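Asks: This is the structure I want to talk about, given as C-alpha cells.
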Amino acid sequence: MGFRWIDGHCDAPSNGGILKAGGHFSLPRARALGSGLQVLSLFARPSAENKPFVEALRQLEGLERELALCPAPLIRSKKELALLLQGCDFGLMLSLEGADALEGDPERLRFFHGRGARLFGLSWNNDNPFCGGIGDDREGLSDLGREAVPLWEGLGGLVDVSHASNAGFWQALALCKKPVVATHSSVAALCAQPRNLGDEQLRALAEKGGVAGINFFPTFLREDAAEACAADVVRHILHALNVGGEDLPALGSDFDGIPSTPEGLRRIEDLPALARALEKNGLPARQLEKILYGNWARVLGETLPD
Ligand SMILES: [Zn+2]
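Count the sequence shown with our numbering and you get residues -16 to 289, in order.
This is the structure:
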C-alpha cells in the first residue's frame, strides 16, 4: 500500500503552486511518496495588491490550470473521500484561509464551496469583518461571523480555528454544531506562542470531535527555534494525544507556508521518517494510523456532504 497520510494545511497555491520543482510540497512528489490527501489553502493576504477576493480567485484558477496539466481528484464529499482511501489514490482538498476573501459577504462562501473548498479558516492573524485573528486578539465572532458559520456548516464545510482569536475560538466552538478543527497549530504547553493551542483548547477540540493538525514551523515547536527537529513534532503530537486523547492529533505541516522547517522534516518526503520516529516512541500501530491519516479521515467523513 505504501505510505499513507492526510495533511491538513499547505500553502502551495499562494506560494509557487503544486507543480513547482522545489518547495516543501508538490503533487508529483506526493504521488510518488504514497496515497492520501493534502489540504491546500487559498490564502489572500489583506495587504494583497489585488482585492482579497480577486487574489483568492487568482490562486484558485492557478490551481485549476495545474490540475488540468496534472490531474488529481479534488475531494468534496464523503463518497469521494471513501473512494480515494479505498483506491489508495492521492487527492487534494481545498480550504479558504481567513474570511478576508469574502470581502464582507457571507454568501461568497457558496462560491468557494461551489469551486470545491471544504474547510474555512475564520481568520488569519489579523482581525477581519467575520472574526478576530490571534495576531490582533481583540475581537471574537462578529454578527457576520455568526451568520457565516451556520451557512458554512449547512453546506457541509468544516470550520477551522487555527488562526482565530481566543474569543473567536471559544465562540466558534459554542456555535458550531459539527466537529471543529485546528488545521495547523502546535501545543502552547511546549512552546508558548499565541498561534499554539492551550491544553483547555486541545480538550475542547477533542470533546467537539475535532482534530488538531500539528504545525511543523520551528518557531511554534521550541523557543530555540533553530534547534527544532522532527523529534519536537513528535513531542507536540504526543502532548496533544495525552491531553486530548488518541482521536485528536493529526498532521498540519503548513508546508510551503512556513519560512523554515525542522531538521529532518524539510519536505513531504520526510513524512515517513516522522512516522518512524513516532513508532520508536512506542506508539501502537492503531494510534500511529490515527495520527497519520485516520483522525482526519474520521472528521472529514463525518462532516463532508454525502
Ligand atoms: Zn496559516
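Each residue gets a CB set at the ideal place from its N, CA and C atoms; glycine is no exception. Remember, it's a predicted structure, so these values are computed and weren't measured experimentally.
Roughly how many angstroms lie between the CA atoms of residue 282 and residue 188, to the nearest whole one?
Replies: Each residue's Cα considered, the two are about 11 Å apart.
Asks: Check whether the stretch 145 to 156 and the stretch 98 to 116 are in contact - that is, three or more C-beta pairs closer than 8 Å.
Replies: Flag = yes, the stretch 145 to 156 and the stretch 98 to 116 touch.
Asks: Does ligand 1 have a heavy atom nearer than 7 Å to the CB of residue 243?
Replies: Residue 243 Cβ: outside cutoff for every heavy atom of ligand 1.
Asks: Identify the continuous beta strand (DSSP E) that holds residue 101 and give its terminal residues.
Replies: From DSSP, the beta strand (DSSP E) with residue 101 extends over 100 to 104.
Asks: Compare the beta carbon distance of residue 204 and residue 219 with 8 Å and say whether it is the shorter of the two.
Replies: Yes, the Cβ-Cβ distance between residue 204 and residue 219 is below 8 Å.
Asks: What number of angstroms, rounded off, separates the C-alpha of residue 137 from the C-alpha of residue 263?
Replies: Straight-line Cα distance between these residues: approximately 42 Å.
Asks: Do the CB positions of residue 54 and residue 63 come within less than 8 Å of each other?
Replies: Cβ atoms of residue 54 and residue 63: not closer than 8 Å.
Asks: Per DSSP, residue -13 forms a beta bridge with which residues?
Replies: According to DSSP, which records beta bridges pairwise, residue -13 is partnered with 18.
Asks: Do three or more CB pairs link the stretch 154 to 170 to the stretch 183 to 198 at distances below 8 Å?
Replies: Contact holds: three or more Cβ-Cβ distances are below 8 Å.
Asks: Once the 5 residues before and after residue 254 are set aside, which same chain residues still bring their CB inside 6 Å of it?
Replies: Within the same chain, residue 254 has close Cβ partners -12.
Asks: I need the straight-line Cα distance from residue 71 to residue 13, nearest angstrom please.
Replies: Roughly 13 Å between the two C-alpha positions.
Asks: Comparing alpha-carbon positions, which option in 41, 144, 227, 109 lies nearest residue 98?
Replies: Checking every option, the nearest Cα to that of residue 98 belongs to 41.
Asks: Helix, strand or coil for residue 84 per DSSP?
Replies: The answer is helix: DSSP assigns residue 84 an H, G or I state.
Asks: Measure the CB-CB distance between residue 186 and residue 132 and report whether it falls below 8 Å.
Replies: Not a contact, by the Cβ cut-off of 8 Å.
Asks: Going residue by residue through the stretch 220 to 254, where are the continuous beta strand (DSSP E) segments of at least 3 residues, counting only ones entirely within it?
Replies: Runs of the beta strand (DSSP E) inside the stretch 220 to 254: 232 to 234.
Asks: Among residues of its own chain, excluding the 5 on either side of residue 49, which ones have a beta-carbon nearer than 6 Å to its beta-carbon?
Replies: The answer, listed in chain order, is 0, 1, 2.
Asks: Is the beta carbon of residue 104 sitting closer than 8 Å to the one on residue 145?
Replies: Cβ atoms of residue 104 and residue 145: closer than 8 Å.
Asks: Measure from the alpha carbon of residue 201 to the alpha carbon of each residue in 182, 120, 237, then state which is nearest.
Replies: The shortest C-alpha separation from residue 201 is found at 237.
Asks: Throw me the rounded Cβ distance for the residue 123 and residue 166 pair, which I believe falls under 8 Å.
Replies: Wrong, their Cβ atoms sit about 20 Å apart, outside the cutoff.
Asks: Could you give the residue range of the alpha helix (DSSP H) that holds residue 45?
Replies: That run of the alpha helix (DSSP H) goes 35 to 52.
Asks: Check residue 274 in the structure and name its three-state DSSP category.
Replies: Note: residue 274 maps to helix in three-state DSSP.
Asks: Could you tell me how far apart the beta carbons of residue 318 and residue 23 are, in whole angstroms, since I believe they sit closer than 8 Å?
Replies: In this structure the chain extends from -16 to 289, so residue 318 is not present and cannot be described.
Asks: For residue 228, I'd like the list of residues in its chain whose CB is within less than 7 Å of its CB, leaving aside the five on either flank, ordered along the chain.
Replies: Within the same chain, residue 228 has close Cβ partners 189.
Asks: Relative to ligand 1, is the shortest distance from any of its heavy atoms to the C-beta of residue 49 smaller than 7 Å?
Replies: No, ligand 1 has no heavy atom inside 7 Å of this Cβ.
Asks: Among 259, -10, 33, which one has its Cα closest to the Cα of residue 198?
Replies: For the residues 259, -10, 33, the minimum Cα distance to residue 198 belongs to -10.
Asks: What I want to know is whether the C-beta of residue 237 ends up closer than 7 Å to one or more non-hydrogen atoms of ligand 1.
Replies: Yes, ligand 1 has a heavy atom inside 7 Å of this Cβ.
Asks: Could you check whether residue 244 and residue 7 sit closer than 8 Å to each other, using their CB atoms as the reference points?
Replies: Yes, the pair counts as a contact, with Cβ atoms nearer than the cut-off.
Asks: Would the C-beta of residue 167 count as close to ligand 1, meaning under 7 Å from any of its heavy atoms?
Replies: Indeed, a heavy atom of ligand 1 lies less than 7 Å from the Cβ.
Asks: From residue 52 to residue 127, what does the alpha carbon distance come to, in whole angstroms?
Replies: Each residue's Cα considered, the two are about 38 Å apart.
Asks: Regarding residue 146 and ligand 1, is the C-beta to nearest heavy atom distance less than 7 Å?
Replies: Indeed, a heavy atom of ligand 1 lies less than 7 Å from the Cβ.
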